[in-house]
């Protein structure tokens, strides 16, 4: 029976062959310099031939070493690929889903239990990058974005729904049958001042043919969640995404006032790398997201 080839020595051999340095090979394999040196000596003893020669401060393959490297390198690469493929399958059910913080707070978190009922296999990790970014560099599998499709031309970009703006307030302060114009005469306006939300009142007022209101004293907030909490706390009227307040309305914490209007400046999109469309778990997540946005 053939002797069992010492795999550890083979990996040390390939590392030294490719780096030309035992120190660099040691760093690559996260072992000591002496461990690499001993592995090479052990392999040369096992084979009965020398594989390297020293040139100045580098270690280079001799003729026998070059031939041996050429023969075993593809086999070791196959072993590495086979090992990695098993590891990848083990963790392939984990996906990183990116969305802005406010969407995660008001849309994703209230639906986590519903998603768990839909799939007990997928493990979704949420990230909250904003603006344009590289999915590859950031390790993002899927992103829910609010913007224009032209901003994501290098990706698979799929329309999910309009960004509908609606006026909301706490139902306890709203008189029956009151119009939004009448309410603006009675209650202060709450504003979210962050870059993504700062123009919501102007867009809504232009669509409704109403003048811009005066914003209430101490009722300007950078974060949407703060402005929503102010509305829930009966402090005034707020313009926000309809998708954000659906659960608050169902729970009786907020009421929609009048019809919503589409925001012409942005829509919701599903974004991923084109090759991800062959990933069964990405497709599963995509089907659930599309179904939720269609409700």
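Residue numbers (UniProt numbering): 1 to 295. Backbone N, C-alpha and C define an ideal beta-carbon position, used for all residues, glycine too.
Ranked by how close their Cα comes to the Cα of residue 129, the residues 193, 136, 99 have 99 in first place. Counting of Cβ neighbours within 10 angstroms places residue 80 among the exposed residues, the total staying below 16. Per DSSP, residue 219 has no beta-bridge partner at all. Residue range 22 to 29 is occupied by the alpha helix (DSSP H) that includes residue 28. In the DSSP annotation of this structure, the continuous segment of the beta strand (DSSP E) that includes residue 98 starts and ends at 94 to 98. In this structure residue 212 is exposed. Its beta-carbon is surrounded by fewer than 16 other beta-carbon atoms within 10 angstroms. Pairwise C-beta distances place the stretch 70 to 78 out of contact with the stretch 38 to 49, as fewer than three of them are shorter than 8 Å.
In the three-state reduction of the DSSP assignment, residue 248 falls in the helix class, which pools H, G and I. For residue 13, the uninterrupted alpha helix (DSSP H) run begins and ends at 7 to 19, by DSSP.
Contact annotation, residue 231 with residue 215: C-beta distance approximately 13 Å; criterion of less than 8 Å not satisfied. Here residue 58 carries a strand assignment [DSSP, helix/strand/coil].
Within the same chain, and ignoring the five residues on either side of residue 61 in sequence, the residues whose Cβ sits closer than 7 Å to its Cβ are 17, 51, 52, 69. Straight-line measurement puts the Cα of residue 161 at about 22 Å from the Cα of residue 192. With respect to the 7 Å criterion, residue 103 and residue 141 are not classified as neighbours on the basis of their beta carbons. Inclusion of residue 200 and residue 266 in the CB contact set at 7 Å is not warranted, their separation being larger than that value. In this structure, residue 271 lies near residue 143, with their beta-carbon atoms less than 7 Å apart.
Beta-carbon to beta-carbon, residue 108 and residue 126 are separated by about 6 Å, close enough to satisfy the 8 Å threshold.
Note that the stretch 254 to 264 touches the stretch 166 to 177; at least 3 beta-carbon pairs, one per stretch, sit closer than 8 Å. DSSP, reduced to helix, strand and coil, places residue 140 outside both helices and strands of the structure shown, so it counts as coil. Exclusion of the five residues before and after residue 22 leaves 16, 33, 36, 37, 59 as the residues of its chain whose Cβ lies within less than 7 Å of its Cβ. Around the Cβ of residue 179, a 10 Å sphere holds fewer than 16 other Cβ atoms; the residue is exposed. Scanning 194, 196, 45, 258 for the CA closest to the CA of residue 207 turns up 258. In summary, residue 239 is buried, with 16 or more beta-carbon neighbours lying within 10 Å of its beta-carbon over all protein chains present.
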